[in-house]
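Number of protein chains: 2
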Amino acid sequence: MSEQTLSRRELYREQTRAEIMMIGLRQIADGGAEALSLNAIAKEMAVSGAALYRYFASRDELLAALVVQSYEDLARTLEASAAKRHKLGPARVHAVAAAYRAWALAEPHRYRLVFSTRLDPGRLASDEIVLASQRSMNVFLQALGSLPPHSDATGRGVSPALAAQLEAWHQRSSEPALSPATLRLGVTCWTRLHGIMSLELDGHLHATNIDPALLYAAEVEDLIG
Amino acid sequence: MSEQTLSRRELYREQTRAEIMMIGLRQIADGGAEALSLNAIAKEMAVSGAALYRYFASRDELLAALVVQSYEDLARTLEASAAKRHKLGPARVHAVAAAYRAWALAEPHRYRLVFSTRLDPGRLASDEIVLASQRSMNVFLQALGSLPPHSDATGRGVSPALAAQLEAWHQRSSEPALSPATLRLGVTCWTRLHGIMSLELDGHLHATNIDPALLYAAEVEDLIG
DNA sequence: TCGCGTTGTTATAGCTTCTAACTTAGCACC
DNA sequence: GGTGCTAAGTTAGAAGCTATAACAACGCGA
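The listed protein sequences derive, respectively, from chains G and C. Each step along the first sequence adds one to the number in the working numbering, with nothing skipped, and position 187 is 188. Each step along the second sequence adds one to the number in the working numbering, with nothing skipped, and position 217 is 218.
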């Protein structure tokens, strides 16, 4: 909370935590969340296994921290991709979608870590996770909101119940510029793109012999217009 | 392979295997794939832990068997839902989609087991898994193929590359009645519905405060017309 | 009926998480 | 500058897991 400079002790502590997380992240990148082992990290750091419990109360806590870190990394990546193309419109949607896909393909285990790691409910609702999620979502929403209004984006296919929930979301949103139609486009975009990435990463599209990149591109095109 | 009646020994063996799988499945249903423990199963069966290795060479082999079993159960469920509504058309698509969602919600851990369990490549490409996958897919394809032809189902938004791959799939498919357009509708249906179910089950849609059922219904509607 | 293969056993190695009790080392305060 | 408290490391150990090896006994099939 306090902004004052950290004491020497706290500084070392943060460094050690960072080192633990770095090694843990590499374990996950190599072998998935299952491969995360406090003991193995300790061995690599040349300390006893028990020492790490001074920094993380449990393996689960470290895992949760890595989920948060990865989610934030995804958010940063998407924000960077959007910042590069400062012009809005379809090109920006393409850029963000491409960045999303590239991140997932570059670090599949991390993508899985973020989206299909089951944490205890308390940790899942952690402020940092919700924040990172909103940051990522916002990048998509900003891009989608800049598209020329689509004829049936707000009308056809939206049930009254769904329209009401979108309206409620619109009301409490911190960004009043985002219309309910854009919000809807946002979740749809997210669920569709995630659907492809998730199945692709787990090899379930392999049997069809269809290049997932083509499916992905087609969905992006469909969402844009 | 041989159809001859099993010997007494083989019969008992199958029974024991089934019992192991039953208990293992319950463990997964309760606590996810991580909770699967040969030792715990043995304790529940009142045998030593080592005894189970006569029936499954490793924990991974048991896990793979449970993945297959669950996938087949999903396929059976979908087939049953289709069989109930013997009339084809939109109603059938609705029925199958609803059955898919219901299965996922009834046994979330099993859904995750099927779709986001990482098995070694050898096991993932197992004949039984591919078969169960095709069975499930076929139920959707049969239903989708019976829809009145949609104006831009085959034209707009399909890149030449994608069209070619769909054509190739069509050629080697055992069901010549399924047009490339229907095949495309099939994968799209799968990726979209899975996208929603996957995010919903892992709690990622919670932050939006939107009922996933409404999103799901909207996607089904969009796919149909 | 007899033998052999199947199925169980116990023992053990090696890994994991995590706790408890003890030692050391350094930061902070007087 | 000395001294004491606290943080950070240590080892020991419990309880759990997968998996293998060596051995005992049961029962099916010839």
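A virtual CB, placed ideally from N, CA and C, is assigned to each residue, including glycine. Remember, predicted model here, so these are calculated numbers, not experimental data.
Report task. Pick out whichever of W170/G, G196/G, T183/G has its Cα sitting closest to the Cα of D212/C. Result -> Numbered from 1 along the second sequence, position 211 holds the residue referred to as residue 212/C. Nearest option by C-alpha distance: W170/G.
**Report entry** Reference S59/G; option with closest CA among L37/G, T78/G, V48/G, A47/G
**Finding:** For the purposes of this step, residue 59/G is taken as the residue at position 58 of the first sequence. In terms of Cα proximity to S59/G, the closest of L37/G, T78/G, V48/G, A47/G is L37/G.
Requested in this report: Go ahead and pull the three-state DSSP assignment for R93/G.
Outcome: What you label residue 93/G is simply residue 92 of the first sequence in a count that begins at 1. Correct three-state label for R93/G: helix.
Query raised in the report: Excluding sequence positions up to five away, which residues of its chain have a Cβ less than 7 Å from the Cβ of A92/C?
Result: On the second sequence, residue 92/C is found 91 positions in, with the first residue counted as 1. Exclusion of the five residues before and after A92/C leaves R86 as the residues of its chain whose Cβ lies within less than 7 Å of its Cβ.
Query raised in the report: Under three-state DSSP, which class holds H87/G?
Result: As a first step, residue 87/G is located in the first sequence; it is residue number 86 there, counting from the start. Coil, per DSSP.
Report task. Give the secondary structure of A219/G by DSSP, where H, G and I count as helix, E and B as strand, and everything else as coil. Result -> If you number the first sequence from 1, residue 219/G lands on position 218. Looking at A219/G - three-state DSSP - the assignment turns out to be helix.
Query raised in the report: Alpha carbon to alpha carbon, what distance is there between R119/C and V69/G?
Result: The residue given as residue 69/G occupies position 68 in the first sequence. The residue given as residue 119/C occupies position 118 in the second sequence. Answer to the nearest angstrom: the Cα atoms are 22 Å apart.
Query raised in the report: S200/G touches chain C at which residues, Cβ-Cβ below 8 Å?
Result: Residue mapping note: residue 200/G aligns to position 199 of the first sequence, counting from 1. It is Leu, not Ser, that sits at residue 200/G in the sequence shown. What L200/G touches in chain C: F116, W191, T192, H195.
Query raised in the report: For the 8 Å Cβ check, are there 3 or more pairs between the stretch 178–193 of chain C and the stretch 138–150 of chain C?
Result: The stretch 178–193 of chain C vs the stretch 138–150 of chain C: in contact.
Report task. Could you tell me the distance, in whole angstroms, from the CA atom of G50/G to the CA atom of S49/C? Result -> Position 49 of the first sequence, counted from the start, is the residue given in the question as residue 50/G. Position 48 of the second sequence, counted from the start, is the residue given in the question as residue 49/C. If I take the Cα positions, the gap works out to 30 Å.
Query - Straight-line Cα distance separating M22/G from A81/C - result: Here residue 81/C corresponds to residue number 80 of the second sequence, with the count starting at 1. Here residue 22/G corresponds to residue number 21 of the first sequence, with the count starting at 1. So the two alpha carbons sit approximately 48 Å from each other.
Query - Backbone CA spacing between E220/G and L194/G [nearest angstrom] - result: Residue numbering aside, residue 220/G sits at position 219 when the first sequence is read from its first letter. Residue numbering aside, residue 194/G sits at position 193 when the first sequence is read from its first letter. If I take the Cα positions, the gap works out to 7 Å.
**Report entry** Closest Cα partner of I29/C within the set S175/C, A96/C, D223/C, Y112/C
**Finding:** By 1-based counting over the second sequence, the position of residue 29/C is 28. Comparing Cα-Cα distances from I29/C to each of S175/C, A96/C, D223/C, Y112/C, the minimum goes to Y112/C.
Query raised in the report: Does the beta-carbon of Y72/G have 16 or more other beta-carbons within 10 angstroms, so that it is buried, or is it exposed?
Result: The residue labelled residue 72/G in the question sits at position 71 within the first sequence. Here Y72/G is buried. Its C-beta has 16 or more other C-beta atoms within 10 Å.
Query raised in the report: At which residues does the alpha helix (DSSP H) containing I29/C begin and terminate?
Result: Taking the first residue of the second sequence as position 1, residue 29/C is located at position 28. Per DSSP, I29/C belongs to the alpha helix (DSSP H) from 9–32.
Query - DSSP three-state assignment for H205/C, whether helix, strand or coil - result: Against the second sequence, residue 205/C aligns to sequence position 204. In the structure shown, H205/C sits in coil (DSSP, three-state: anything other than H, G, I, E or B).
Query raised in the report: Can you name the start and end residues of the alpha helix (DSSP H) that D128/G belongs to?
Result: Position 127 of the first sequence, counting from 1, holds the residue named residue 128/G. Per DSSP, D128/G belongs to the alpha helix (DSSP H) from 128–146.
Query raised in the report: Between Q166/G and chain C, is there a C-beta pair that is closer than 8 Å?
Result: Residue numbering aside, residue 166/G sits at position 165 when the first sequence is read from its first letter. Q166/G belongs to the set of residues whose beta carbon lies under 8 Å from a beta carbon in chain C.
Query raised in the report: At a Cβ threshold of 8 Å, is V69/G touching chain C?
Result: In the first sequence, residue 69/G corresponds to position 68, counting from 1. The beta-carbon of V69/G is placed no less than 8 Å from the nearest beta-carbon of chain C.
Query raised in the report: Span of the alpha helix (DSSP H) holding A162/C?
Result: By one-based count along the second sequence, residue 162/C stands at place 161. From DSSP, the alpha helix (DSSP H) with A162/C extends over 161–173.
Report task. Note down the Cα distance separating R55/C from L64/C, rounded to an integer number of angstroms. Result -> Residue mapping note: residue 55/C aligns to position 54 of the second sequence, counting from 1. Residue mapping note: residue 64/C aligns to position 63 of the second sequence, counting from 1. If you draw a straight line from the Cα of R55/C to the Cα of L64/C, it is about 15 Å long.
Query raised in the report: Hey, P181/C and E168/C are a contact pair by Cβ (cut 8 Å); roughly how many whole angstroms apart?
Result: Here residue 181/C refers to the residue found at position 180 of the second sequence. Here residue 168/C refers to the residue found at position 167 of the second sequence. Indeed, because the Cβ distance is near 5 Å, the residues count as touching under 8 Å.
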